Amino acid sequence: FAPLPGEWTEHRDPKDRLFYYNATTRESSWIHPLEHVLRETHTLIQQFMDSRNTQEEREHVLHELQRECKRLKTEVDLDFPAWVQHSDAAGNKIYFNRHKSKSY
């Protein structure tokens, strides 16, 4: 199974069915929180591998994908420090983005 993001944890219901729970948002789901990302990634890789592109075209596509990954990493690296974690009186975790003035 793929790693879970942040506050998500795996659990089993009384019928032994797997589900996911986010302690911060108190949200539960039968679907892995990153399933859509994993499916999109798989589709992209499959399309790349199945393409009839020349080696040069594949290298160009790969270079563009690497550039997009670097761009996304830079975006995350810039946004991540804006988030701080606090706990309320009951011990619930609260996340606050200082730049966007939003709490979750």
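Plus 10 on top of the position in the sequence shown (first one is 1) and you've got the numbering used here. From the three backbone atoms N, C-alpha and C, an ideal C-beta is built for every residue, glycine too. Note that the structure is predicted; figures quoted are calculated from it, not measured.
For residue i, the nearest candidate out of the options (CA to CA)
i           : options          : result
residue 38  : 54, 46, 97, 18   : 18
residue 92  : 113, 108, 80, 58 : 108
residue 104 : 44, 34, 15       : 34
residue 16  : 42, 24, 26       : 42
residue 51  : 68, 66, 75       : 75
residue 25  : 67, 40, 89       : 40
residue 94  : 111, 80, 78      : 111
Paired residues, beta bridge with residue i - DSSP
i          : result
residue 67 : None, per the DSSP bridge assignment.
residue 93 : 107
Endpoints, alpha helix (DSSP H) assigned at residue i
i          : result
residue 49 : 45-60
Residue i - containing beta strand (DSSP E), residue span
i          : result
residue 32 : 28-32
residue 17 : That residue, residue 17, is in no beta strand (DSSP E); it is neither H nor E in DSSP.
Proximity of residue i and residue j at Cβ, strictly below 8 Å
i           : j           : result
residue 31  : residue 46  : no
residue 48  : residue 12  : yes
residue 113 : residue 106 : yes
residue 58  : residue 71  : yes
Proximity test, Cβ basis, 8 Å: residue i and chain C
i          : result
residue 25 : Here there is only one protein chain, and chain C is not present.
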